[in-house]
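Here the structure comes first, spelled out in structure tokens, and everything after it is commentary.
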Amino acid sequence: MAVDTFLAYVGVYSSVDDAEADYDFVKDLHRKAGLIDAYDAAVVERRADGKTRIVKRHETPTRVGGVLGGGVGLATGLVVALFPFAAIGGGLLAATTGGGAVLGAVAGHAAAGMSRHDLKELGERLDEGQAGLVVVAVADMGAKVEEAMRRAGKVEAKQLKADTAEIEQDAKAADGAPA
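Numbering (the working numbering), first residue to last: 8 to 186.
Next up, the structure:
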């Protein structure tokens, strides 16, 4: 089993616009470093009704996203692990979309790659703001990612361990594709 170590960052924002601006900084950072396929990110909005919605996401196409077409990666999986009923994009609940089983498989791996304490802390951080940015990046980009999240009121970083080959296999199985 080849387990990769990633860093999961959660930034807390007072507005979705600020979270999206930092999302763009993180994307530019990875593009300039030639690592555009080495991170996942998701902008999360906490709506007035208390529900959580993923408004923007980038999934690494060379990991699970490329296998499944629609792109479900560790950042989205982590958001769903923290907020199981998070809506994606136009408001479809993750559990009711065609990719619900795939998303569940990836969310399970994202959650399993962290301690329960760390998951609880990240969820509590996101509860503190109007919006959040979740970034899962390779460990050696950590300081740069944290610096790119400059508009965040708070940034929390936690280690996430994942076997990307196993995630890909489980996601294919959930999607009904031959593993």
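By construction, the Cβ of each residue, glycine as well, lies at the ideal position given by its N, Cα and C atoms.
Start and end residues, beta strand (DSSP E) containing residue i
| i | result |
| --- | --- |
| T59 | T59 to H65 |
| R53 | Y46 to R53 |
| L85 | Run containing L85: none in the beta strand (DSSP E); it sits in the alpha helix (DSSP H), L81 to L89. |
| A144 | A138 to V145 |
| L2 | Outside the modelled stretch of the chain, which goes from 8 to 186, sits residue 2, for which no answer is possible. |
Beta-carbon proximity list for residue i, same chain, < 6 Å, skipping 5 on both sides
| i | result |
| --- | --- |
| A26 | Y20, V50, A138 and L140 |
| A144 | L14, Y46 and V152 |
| E128 | none |
Beta-carbon proximity list for residue i, same chain, < 7 Å, skipping 5 on both sides
| i | result |
| --- | --- |
| R54 | R60 |
| L133 | V17, V19, V51, L89 and G139 |
CA nearest to the CA of residue i, picked from the options
| i | options | result |
| --- | --- | --- |
| V62 | L89, D125 and D24 | D24 |
| E52 | V87, L126 and D44 | V87 |
| M121 | M148, L133 and A164 | A164 |
| R64 | G41, D31, R123 and K39 | D31 |
| V142 | D11, L85 and K39 | L85 |
| E135 | V17, H124 and M148 | V17 |
| M148 | I43, A180 and L126 | I43 |
| T12 | D56, D29, D170 and L89 | D170 |
| L167 | A146, K161 and Q176 | A146 |
| D29 | G57, K161, A180 and K58 | K161 |
Alpha helix (DSSP H) segment containing residue i, residue limits
| i | result |
| --- | --- |
| L36 | V23 to K39 |
| E153 | G149 to A155 |
| D134 | R123 to D134 |
| G160 | No alpha helix (DSSP H) holds G160; DSSP gives it neither H nor E. |
The region 157-167 in contact with the region 33-49 per 3-pair CB rule at 8 Å: no
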